[in-house]
Amino acid sequence: MNFNLIEIYHHMGFFARCIAYTLVAFALASMVVFFERLIYFFRSKAADRKFAARAGKLLETQQHEQFVIESSAARASSLAKLLGGGVKTYLAKKAAPQGKLGAVELTRRDLERIYERVTADVRRGMSVLASVGSVAPFVGLLGTVVGIIEAFAGIAKTGSGGLGAVSAGIAEALVVTALGLLVAIPAVLMFNFLTTRSDALLLSLDLARKEFMDHLEDVDGVVSPAVRGEGAVALDVERATRKEGVDVRPA
Numbered sequence: 000m001n002f003n004l005i006e007i008y009h010h011m012g013f014f015a016r017c018i019a020y021t022l023v024a025f026a027l028a029s030m031v032v033f034f035e036r037l038i039y040f041f042r043s044k045a046a047d048r049k050f051a052a053r054a055g056k057l058l059e060t061q062q063h064e065q066f067v068i069e070s071s072a073a074r075a076s077s078l079a080k081l082l083g084g085g086v087k088t089y090l091a092k093k094a095a096p097q098g099k100l101g102a103v104e105l106t107r108r109d110l111e112r113i114y115e116r117v118t119a120d121v122r123r124g125m126s127v128l129a130s131v132g133s134v135a136p137f138v139g140l141l142g143t144v145v146g147i148i149e150a151f152a153g154i155a156k157t158g159s160g161g162l163g164a165v166s167a168g169i170a171e172a173l174v175v176t177a178l179g180l181l182v183a184i185p186a187v188l189m190f191n192f193l194t195t196r197s198d199a200l201l202l203s204l205d206l207a208r209k210e211f212m213d214h215l216e217d218v219d220g221v222v223s224p225a226v227r228g229e230g231a232v233a234l235d236v237e238r239a240t241r242k243e244g245v246d247v248r249p250a
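Okay, structure coming up:
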């Protein structure tokens, strides 16, 4: 007897249909996440380019207040969220300094926190694709095992064997397995594609964050400890010892 997909579907038991519906739900969720992320990356890339063209000129002329206004208007830009938050922190700490840390150092730390939030926003939903890609084959395999069990249970009830007695149940089981693979393979490909796009976006944001910190340090005349290096630290030690009347110069 020849079976087509419609006939196989009608012969499926309740559990096999539940497995098939679950895999269809996985496929729909993957497609929704994929296209939503595509739209997000497209809008973010266009908004970042538009904002960067204006932001660079504002930073060169040190128009930080106008920079905050521009970043608030560019809501779709990940770059605006990152640098806009940093400029707000810098201006706030400059206007009302508190504690021992300077405005530049506090801005650096706040930028790290903002960057983590932006990273979570960029990768939002991608765990769904990873889960579907890894779980869907096993869900299909579960349907296969149950289908074969039902086929052999039918042989036990009727007392008759042969290929004709189990062919329908095995066909149903294999269809569920194939459906699981059809759902998992595109999900893995979509996850890899979006991971590449998100990594490229996050790399550009990280570089922009570092360039922005270079700008603030240049404006304030602040040199970070990492830039000062061991030579500057040794110079500080020498100055301190000279104040105490100790000569550390070589004889």
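Quick note on numbering that gives the first Met the number 0: the sequence shown kicks off at 0 and runs consecutively. Glycine residues also receive a C-beta, built at the ideal position from the N, C-alpha and C atoms.
How many angstroms separate the CA atom of LEU202 from the CA atom of ALA15?
-> Working through the sequence shown from its first residue, we reach residue 202 at position 203. Working through the sequence shown from its first residue, we reach residue 15 at position 16. Answer to the nearest angstrom: the Cα atoms are 45 Å apart.
Using a threshold of 8 Å, state whether the C-beta atoms of ASP109 and GLY84 are closer than that.
-> The count along the sequence shown starts at 1 and reaches residue 109 at position 110. The count along the sequence shown starts at 1 and reaches residue 84 at position 85. A contact, by the Cβ cut-off of 8 Å.
Straight-line Cα distance separating GLU35 from ILE18 | Here residue 18 corresponds to residue number 19 of the sequence shown, with the count starting at 1. Here residue 35 corresponds to residue number 36 of the sequence shown, with the count starting at 1. Distance between ILE18 and GLU35, taken at the CA atoms: about 26 Å.
Within 10 angstroms of its Cβ, does GLY139 collect 16 or more other Cβ (buried), or is it exposed?
-> Within the sequence shown, residue 139 is the residue found at index 140, counting from 1. The residue is buried, with at least 16 neighbouring Cβ atoms inside 10 Å.
Would you kindly report the start and end of the unbroken alpha helix (DSSP H) that includes GLY84?
-> Sequence index remark: in the sequence shown, residue 84 carries index 85 (1-based). That run of the alpha helix (DSSP H) goes 77-94.
Do you know how far the Cα of LEU141 is from the Cα of SER48?
-> Within the sequence shown, the letter at position 49 stands for residue 48. Within the sequence shown, the letter at position 142 stands for residue 141. It is Arg, not Ser, that sits at residue 48 in the sequence shown. For ARG48 and LEU141, the distance between alpha carbons rounds to 48 Å.
Look up ALA225 in the DSSP assignment and say whether it is helix, strand or coil.
-> Reading the sequence shown from its first residue, position 226 is the one you call residue 225. With a pLDDT of only 48 at ALA225, under the threshold of 50, the placement of this residue in the model should not be trusted; the figure read from the coordinates follows. Of the three classes helix, strand and coil, the one that applies to ALA225 here is helix, per DSSP.
For the alpha helix (DSSP H) holding GLY55, just list the boundary residues, first then last.
-> Counting from 1 along the sequence shown, the entry for residue 55 is found at position 56. Run containing GLY55: 13-59, per the alpha helix (DSSP H) assignment.
If you draw a straight line from the alpha carbon of THR30 to that of PHE190, how long is it in whole angstroms?
-> The count along the sequence shown starts at 1 and reaches residue 30 at position 31. The count along the sequence shown starts at 1 and reaches residue 190 at position 191. First, the amino acid is wrong: residue 30 is Met here, not Thr. So the two alpha carbons sit approximately 11 Å from each other.
So is VAL226 buried or exposed if we call it buried at 16+ other beta carbons inside 10 Å?
-> For the purposes of this step, residue 226 is taken as residue 227 along the sequence shown, with counting starting at 1. Low confidence applies here, because VAL226 scores a pLDDT of 44, under 50, leaving its location unreliable and the question unanswered by this model.
Count the other CB atoms, across all protein chains shown, that sit within 10 Å of the CB of LEU188; report buried if there are 16 or more and exposed otherwise.
-> Indexing the sequence shown from 1 puts residue 188 at position 189. Per the 10 Å Cβ criterion, exposed.
What do you get for GLY179, buried or exposed, if any count of 16 or more other CB atoms within 10 angstroms of its CB means buried?
-> The sequence position of residue 179 within the sequence shown is 180, counting from 1. So GLY179 counts as buried.
Beta carbon of LYS92, beta carbon of ALA102: below 8 Å?
-> Position 93 of the sequence shown holds residue 92. Position 103 of the sequence shown holds residue 102. Yes, they are a contact pair.
How long is the line joining the alpha carbons of TYR114 and VAL182, rounded to whole angstroms?
-> Your numbering for residue 114 matches position 115 in the sequence shown. Your numbering for residue 182 matches position 183 in the sequence shown. Going from the Cα of TYR114 to the Cα of VAL182 covers about 33 Å.
Would a C-beta distance cut-off of 8 Å place GLU69 and ALA54 closer than the cut-off?
-> Taking the first residue of the sequence shown as 1, we reach residue 69 at position 70. Taking the first residue of the sequence shown as 1, we reach residue 54 at position 55. Cβ atoms of GLU69 and ALA54: closer than 8 Å.
Pick from VAL218, THR118, ILE147, VAL117: whose alpha carbon is nearest that of ALA170?
-> By 1-based counting over the sequence shown, the position of residue 170 is 171. Cα-wise, what sits closest to ALA170 is ILE147.
May I ask which residues mark the beginning and end of the alpha helix (DSSP H) holding LEU105?
-> The sequence position of residue 105 within the sequence shown is 106, counting from 1. Looking at the DSSP string, the run of the alpha helix (DSSP H) that includes LEU105 is 102-121.
With respect to the alpha helix (DSSP H) encompassing GLN65, which residues constitute its N-terminal and C-terminal limits?
-> For the purposes of this step, residue 65 is taken as residue 66 along the sequence shown, with counting starting at 1. Looking at the DSSP string, the run of the alpha helix (DSSP H) that includes GLN65 is 63-72.
Local Cβ density within 10 Å of TYR20, reported as buried at 16 or more and exposed below that = Translated into positions along the sequence shown, residue 20 becomes position 21. Exposed.
Alpha-carbon to alpha-carbon, PHE151 and SER197 = Sequence index remark: in the sequence shown, residue 197 carries index 198 (1-based). Sequence index remark: in the sequence shown, residue 151 carries index 152 (1-based). So the two alpha carbons sit approximately 48 Å from each other.
Near ARG107, which residues of its chain fall below 7 Å by C-beta distance, leaving aside the five closest residues on each side in sequence?
-> The residue given as residue 107 occupies position 108 in the sequence shown. Its chain contains MET212 as the residues whose beta carbon lies nearer than 7 Å to that of ARG107, once the 5 sequence neighbours on both sides are disregarded; these appear in chain order.
Roughly how many angstroms lie between the CA atoms of GLU229 and GLU216, to the nearest whole one?
-> Counting from one through the sequence shown, the residue named residue 229 turns up at place 230. Counting from one through the sequence shown, the residue named residue 216 turns up at place 217. At GLU229, the pLDDT of 46 sits below 50, so the modelled position is not reliable; the number obtained from the coordinates is stated separately. Rounded to whole angstroms, GLU229 to GLU216 spans 19 Å at the Cα level.
Cβ of LEU173 within 8 Å of Cβ of PHE40?
-> Start at 1 with the first residue of the sequence shown, and residue 173 comes out as number 174. Start at 1 with the first residue of the sequence shown, and residue 40 comes out as number 41. The answer is no: Cβ separation not under 8 Å.
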